[in-house]
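The numbering of the sequence shown is this note's numbering, which starts it at 129 and goes up by one.
In this text, a Cβ means the ideal position worked out from N, Cα and C, and glycines have one as well.
Structure first, commentary second.
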Amino acid sequence: MPDGKPAGVRCIQLDDALRCKIFGQPERPTVCGSLPPSEDMCGDSREQAMRWLGWMEEQTMPTSDPGGSDGVFQSPTN
Ligand code: SF4
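Take a look at the structure:
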């Protein structure tokens, strides 16, 4: 996506089977390759992975207060 993927917006490179259409290609954003699947991030179900990704997107929204009023991050497992 030319200006980056806004939080909460489906990536235009995601196909109907939920696969990356540019996986392994040089135009795939570096950040995507820097997030390999892990049990910490994905849990053991799609629901857990989506909850974690949603939390990360919310925490990194430019218009939000990522640290909250106390400046302390709270993960979805806390
Ligand atoms: S890996 Fe990156 S480019 Fe590919 S679908 Fe996911 S967010 Fe989009």
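Worksheet item: What is the residue span of the alpha helix (DSSP H) that residue 175 lies within?
Response: 174-188 is the span of the alpha helix (DSSP H), which, as asked, contains residue 175.
Worksheet item: Taking 7 Å as the cut-off, is the CB of residue 190 close to at least one heavy atom of ligand 1?
Response: The answer is no for residue 190.
Fill in: Beta-carbon separation (whole angstroms), residue 185 vs residue 145, contact threshold 8 Å
With a Cβ gap of about 22 Å, residue 185 and residue 145 do not count as contacting.
Item to complete: Go through the residues and name those whose CB comes closer than 5 Å to any heavy atom of ligand 1, in chain order.
Response: Every residue whose beta carbon comes nearer than 5 Å to a heavy atom of ligand 1 appears here in chain order: 139, 141, 142, 148 and 160.
Fill in: Close-in-space but distant-in-sequence residues of the same chain around residue 149 (CB under 6 Å, 5 per side omitted)
Counting only residues of its own chain and dropping the five nearest sequence neighbours on each side, residue 149 has a CB closer than 6 Å to the CB of 141 and 143.
Discussion item. Suppose you measure from the CA of residue 172 to the CA of residue 183; what does that come to, to the nearest Å?
Written reply: Each residue's Cα considered, the two are about 17 Å apart.
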